[in-house]
Amino acid sequence: MSLSSDTVAGRVSFAPMADNISRVFADAIAADPARPLLTWYDDATGERTELSGATLANWVAKTANLLVDDLGLGPGDTAAVLLPPHWQTAAVLLGCWSAGLTVTDQPGDVDVLFATVDRSTEADAGTAGDRYALALHPFALPLREVPAGFADYVTEVRAHGDHFGAYPPGGPGHAELRARATARAAELGIAPNARLLIDVDALPDPVDWLLAPLTAGASLVLCAHPDPARQPDRRATERVTHTLP
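Every letter in the sequence shown is one number past the one before it in the UniProt record's numbering, and letter 71, counting from 1, is 71.
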């Protein structure tokens, strides 16, 4: 069974694909792509970035197109993602899963690697056909200095299309990952249409801060280095219905 996408009047429709993680994201944005889906805070820097489902979908599609069109990757290939929780990390992860890749958080022998500059030296611990560095800049600006052996993810991904039209079957482990995310959503008590405030320092696993909420149909307010004094106002401003952990 194949998975295809069509955009009509702002809606995205996907054929069923039980083992493809991209279906989790597609379902999460299908009802209202314009609503805020992921809002990112970092209380250490004062950063706030808000992305609608449609905006995040563009980043995800660009990433998947980079992987498939430029690198020729697909199901059976592996991506190492050495990135902390962040909205750009969400785009990278969902892009990799949309392309059918298996994702690991260890460098090893992989087909492509994404890393922050401060973790770029870890790439020497294994082999990677292609390597991309991220600054995780609040406005997604390019790196001022790109580490040797790396390309700048933001610069490279912007050249690709906003729609990914050839979803492959889910890669190895995708069905199990979806099942884990579904079970974790139940464990965390995430309800459909919930607006979650998540302390990503306490829940750094992307299954917890990304996949489980999306599987349950929730929207996310992610916060790094949370300042307890700011949380009551944030819950009110963001209309938070549930706080994790």
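Ideal Cβ placement from N, Cα and C applies to all residues, glycine included.
Residue nearest to residue i in terms of C-alpha spacing, selected from the options
i: ASP130; options: PRO142, LEU51, THR78, ALA140; result: THR78
i: TYR41; options: ASP32, ARG35, LEU51; result: LEU51
i: THR102; options: ARG234, PRO245, PRO169; result: PRO169
i: ASP205; options: THR89, PHE164, ARG35, ASP27; result: THR89
i: ASP199; options: THR39, ALA181, ASP105; result: THR39
i: PRO138; options: HIS86, PRO232, GLY76, ALA34; result: HIS86
i: LEU83; options: LEU113, ASP69, GLY189, GLY72; result: LEU113
i: PRO75; options: GLU187, ALA181, GLU145, TYR167; result: TYR167
i: CYS223; options: PRO213, ARG239, GLU156, LEU203; result: LEU203
i: ARG35; options: GLY108, ALA54, GLU156; result: ALA54
i: THR116; options: GLY108, ASP109, THR127, ASP152; result: ASP152
i: THR104; options: GLU187, PRO147, ASP118, VAL81; result: VAL81
i: GLY108; options: ARG158, THR127, ASP118; result: THR127
i: GLY189; options: LEU71, ASP118, PRO245, ASP233; result: PRO245
Cβ shell of residue i (< 6 Å), same chain only, five flanking positions each side left out
i: SER219; result: LEU37, ARG195
i: HIS160; result: LYS62, ASN65, LEU66
i: ASP162; result: ASN58, ALA61
i: ASP111; result: LEU73, ASP77, THR78, GLY129
For residue j and residue i, the rounded distance between their alpha carbons
i: SER22; j: GLY217; result: 14 Å
i: ARG184; j: VAL207; result: 8 Å
i: ALA99; j: VAL92; result: 11 Å
i: THR49; j: VAL24; result: 22 Å
i: GLY46; j: ALA229; result: 14 Å
i: ASP32; j: LEU211; result: 18 Å
i: GLY173; j: LEU94; result: 15 Å
i: THR215; j: ASP69; result: 28 Å
i: PRO192; j: LEU56; result: 20 Å
i: LEU134; j: CYS96; result: 15 Å
i: ASP124; j: VAL146; result: 16 Å
i: residue 272; j: THR121; result: Since the displayed the chain opens at 1 and closes at 245, residue 272 lies outside it and no answer follows.
i: LEU177; j: GLU187; result: 15 Å
i: VAL240; j: ALA30; result: 21 Å
Spatial neighbours of residue i in its chain, beta-carbon cut-off 7 Å, leaving aside the 5 residues before and after
i: residue 253; result: The requested residue 253 is not part of the displayed model; the chain covers only 1 to 245.
i: HIS225; result: ASP42, ASP43, ALA44, ASP201
i: THR237; result: none
i: GLU156; result: LEU66, TYR132
i: ASP227; result: ASP43
i: PHE150; result: SER120, ARG131, TYR132, ALA133
i: GLY171; result: PRO75, GLY76, GLY100, LEU101, THR102
Close beta carbons around residue i, own chain, < 8 Å, minus the five adjacent residues each side
i: ARG235; result: LEU197, THR243
i: ALA181; result: VAL24, VAL207, LEU211, ALA212, LEU214, THR215
i: LEU71; result: ASP111, VAL112, GLY129, ASP130
i: GLY10; result: Unreliable placement is indicated for GLY10, whose pLDDT of 32 sits below 50; no coordinate value is reported for it.
Neighbour-count burial assignment, residue i, 16 or more Cβ in a 10 Å radius
i: ALA179; result: exposed
i: LEU141; result: exposed
i: PRO28; result: A small correction: the amino acid at residue 28 is Ala; Pro does not occupy that position in the sequence shown. Classification of ALA28: buried, given that the 10 Å Cβ count is 16 or more.
(message) Just to confirm the assignment: which complete alpha helix (DSSP H) runs, minimum length 4, are found wholly within the segment 177-211?
(response) With a minimum length of 4 residues, there is no unbroken run of alpha helix (DSSP H) contained wholly in the segment 177-211.
(request) Write down every uninterrupted run of the beta strand (DSSP E) in the segment 27-107 whose length is 3 residues or greater and which is fully enclosed by it, in chain order. (result) 36-42, 47-52, 78-82, 102-104
(message) What ranges does the alpha helix (DSSP H) occupy inside the segment 99-172, keeping only unbroken runs of at least 4 residues that lie completely in it?
(response) With a minimum length of 4 residues, the continuous alpha helix (DSSP H) runs that stay inside the segment 99-172 are 153-157.
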